Structure formats: structure tokens, C-alpha cells
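The structure appears right after this line, and notes come after that.
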Amino acid sequence: MHIQAATDQAFIAGAKLAMKDRQPIDITLANDAHGAFVWGVLDRLLDEPRLVFRSITASGFGGMEAAVLAYGLALGGRRGARTALTNFWRRVSHASMSVAVTANPLRSILEQSIDIAELHKDSCQLKLNILASNARTDTVTIFSGDQLSIDAILAGATVPFLFPAVEIDGDPYWGEGDFSALPPVQPIEAGHWLVVSGKPSGCMTPCAAYRPAANAVNSASVLFDSHHRTSAALFTRPWTDWGELTDMRDRGRQRAEDWLLADHPSLSESSFVDSKNRYV
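In C-alpha cells, the structure reads:
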């Protein structure tokens with residue numbers, strides 16, 4: 001995948017603000033959150049130059065989106081991240097319309113969307129934590145840093161029993177990572193903690209054990225899709241319509257907008273990007 005390293009005016013303008021105005025954010029993507037809704041939330045947050053992405057912990061399909069976001073940020077800033085996410089979802093839509101129902105196109109999509117070597121470089125400042133479960137023991141493993149690989153990200157996105165587990169270092173892994181099995185994270189700098197979930201109660205309890213330390217969090221919020229429907233996992237249907245995906249993306253953008261206006265009005269007031277009419 002190629003992302004043109006263009007000058008990101010919003011990012012530069014945000015960088016000129018005083019350091020005290022920076023708002024670090026740690027994001028948790030629950031495995032029940034619909035991917036296109038997550039896309040919209042991330043896309044809207046990228047509009048805020050004072051909002052600094054510090055870490056993303058993801059379980060399920062959200063791990064792929066987190067990796068694409070980190071890759072896009074490393075290569076092209078915020079504009080690169082938005083482009084990378086859009087290209088990723090176009091590949092998802094195309095693949096789901098053309099692939100056999102029993103096939104798993106996720107590896108091909110991921111390999112076309114990111115260069116894993118870029119995520120290992122120091123220039124990739126967004127810390128990724130990808131969760132996957134050992135298919136034999138149900139033990140949750142966090143893949144981060146040098147442990148990040150195409151296989152690890154793919155394992156986290158693999159639906160148990162629907163697709164074969166992914167072998168990593170001789171052990172089989174797949175998704176459905178349980179956040180309650182993880183220790184609390186200990187970020188150095190205070191910031192916001194945002195959980196993106198599929199439904200109101202979907203992540204409140206299990207994610208509680210994997211929150212930033214209390215003295216390092218200014219606020220904690222859960223965003224969920226009010227139109228969440230219990231349905232089969234991605235790619236169990238023979239097609240995923242682009243219009244349907246962008247509708248879910250727009251719901252995610254609006255939900256993030258509502259959160260910003262309600263909890264962080266100063267952020268939205270300082271946004272240098274006009275988020276209206278950006279998509280055709």
C-alpha cells in the first residue's frame with residue numbers, strides 16, 4: 001500500500017498549540033464493536049489536532065483497523081490515516097462481494113493495507129496492543145511491539161470456530177479476547193480513555209480491569225452504536241454493500257462528534273477541519 005506523504009495542515013496547526021493543550025487519548029476497541037462504526041469514530045477523532053493518539057488496545061476486527069490507523073499515521077499523518085482506513089474498507093467491501101463464502105480474505109486485505117515493518121519503527125508512535133486467545137487454553141495474549149505481526153493481527157480478527165485458528169510460535173490463536181484477564185495499564189501522562197463497544201453493556205464490565213491507572217485518566221467514556229444489531233460476523237454474508245458501510249461509518253462519526261461536544265467542547269471548538277460534506 002502506498003500513502004502519499006503530503007503536508008497535513010491540520011496536524012501542523014495542532015502541533016503549534018501549546019503543549020499544555022495536547023489531549024492524549026487511549027482507546028479500547030471491544031470485539032463486539034462493528035468495524036465500520038469503529039471506522040467512523042476513529043475518522044472523527046482524527047479531525048481533532050489537539051487529540052493525540054497514545055495507545056489502542058483492540059480485540060476482534062478492530063485490531064485490523066487499529067493497525068491500519070497506526071500505519072497511516074506513521075506514513076502520512078492524520079490525512080494518511082484517513083486515507084488508509086478508507087482504502088482498507090474499500091478492499092473489505094470489494095472482497096466480500098467477490099470471495100467465496102467459505103474463504104477468508106482477511107490476510108490478503110491486511111497485507112495490501114499495511115507494511116508490518118513500519119509498525120516496528122520508532123516513527124510509529126501509536127502503541128498497539130492486539131488481543132488474541134489461545135485456542136487450546138483460552139489464555140489471552142497481548143501482542144505488541146516487536147511481537148506484532150500479520151499473523152497476530154489476523155489471529156485477533158479470526159472468528160472462533162468459523163475460521164481456523166492462526167498458528168503463532170506453534171500455538172493456535174483466534175479472536176474473542178477477554179479484557180478482564182489483563183492487568184491495568186500504567187500510562188505516564190494523564191489523558192482520556194475511550195471504549196468503543198457494540199452495545200451499552202458490552203464492554204463496561206470486562207474492560208474495567210483494563211483501564212489506565214486512575215491517577216492517569218481525566219475522563220473515561222464508552223461509545224456504542226445505537227443501531228447495533230445482533231448479526232453474523234463480517235464475511236458470513238455474501239456481500240457487504242459500500243453504502244451500508246458508509247452509513248455505519250457516519251453513525252460512528254456522529255457518535256464521536258456528540259461525545260466531543262458533550263465532554264470536550266474545547267476540542268471541537270479548536271478543530272481545524274470542516275468535517276461536513278467531506279464524503280461523496
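When we follow the UniProt record's numbering, the leftmost residue of the sequence shown carries the number 1, and every step to the right adds one.
Virtual Cβ for every residue (Gly too), placed ideally from N, Cα, C.
Being a predicted model, the structure only gives us computed values, none of them experimental.
_Exposure of Asp47, with buried meaning 16 or more beta-carbon neighbours within 10 Å_ = buried
_Can you list, in chain order, the residues of its chain with a C-beta nearer than 6 Å to that of Ala262? Leave out the 5 residues immediately preceding and following it._
none
*List the whole-angstrom C-beta distance separating Tyr173 from Ser133, where the pair is believed to meet the contact cut-off of C-beta under 8 Å.*
7 Å
*With distances taken between CB atoms, is the gap from Ser96 to Thr240 smaller than 8 Å?*
yes
*Output the boundary residues of the beta strand (DSSP E) element that contains Gly191.*
191 to 197
*asked:* Taking DSSP's pairing of strands, which residues face Ile142 in a bridge?
replied: Leu131
*asked:* Would Ala157 and Phe61 be called neighbours here (beta carbons separated by less than 8 Å)?
replied: yes
_Can you tell me whether Thr57 is helix, strand or coil according to DSSP?_
strand
_Could you compute how far the alpha carbon of Asp43 sits from the alpha carbon of Asp21?_
21 Å
*Given Gly198, which residues of its chain have a CB within under 7 Å of its CB, disregarding the five upstream and five downstream residues?*
Ala30, Asp32, Ala33, His34, Phe224, Asp225, His228
*asked:* On the DSSP letters alone, give me the boundaries of the beta strand (DSSP E) that Leu46 sits inside.
replied: Counting along the chain, Leu46 falls outside any beta strand (DSSP E), and DSSP gives it neither H nor E.
*Looking at the structure shown, is Glu167 part of a helix, part of a strand, or coil, going by DSSP?*
strand
*Unbroken stretches of the alpha helix (DSSP H), 4 residues or longer, contained in the segment 56 to 128*: 62 to 98, 106 to 113, 116 to 119
*With DSSP as the reference, label Val52 as helix, strand or coil.*
strand
*What is the C-beta distance between Gly175 and Pro160, in whole angstroms, given that I count them as a contact (C-beta under 8 Å)?*
6 Å
*How big is the Cα-Cα spacing for Gly77 and Val140?*
32 Å
*Which of helix, strand or coil DSSP assigns to Asp26*: strand
*Local Cβ density within 10 Å of Ser123, reported as buried at 16 or more and exposed below that*: exposed
_Min CB distance Phe37 to chain B below 8 Å_ = Note that chain B does not occur in the displayed structure, where there is just one protein chain.
_Bounding residues of the alpha helix (DSSP H) (the contiguous stretch that carries Asp225)_ = Premise fails: Asp225 is in no alpha helix (DSSP H) and is neither H nor E.
*asked:* Checking 8 Å against the spacing of the C-beta atoms, do Phe53 and Leu126 come in under that value?
replied: yes
*Since Ala74 and Ala66 are thought to touch, with beta carbons under 8 Å apart, how far apart are those beta carbons, to the nearest angstrom?*
Contact doesn't hold; Cβ gap of about 13 Å is too wide.
*Please name the residue, chosen from Ala135, Leu260, Ala220, His120, that lies closest to Ile150 on a Cα-to-Cα basis.*
His120
_Exposure of Ser113, with buried meaning 16 or more beta-carbon neighbours within 10 Å_ = buried
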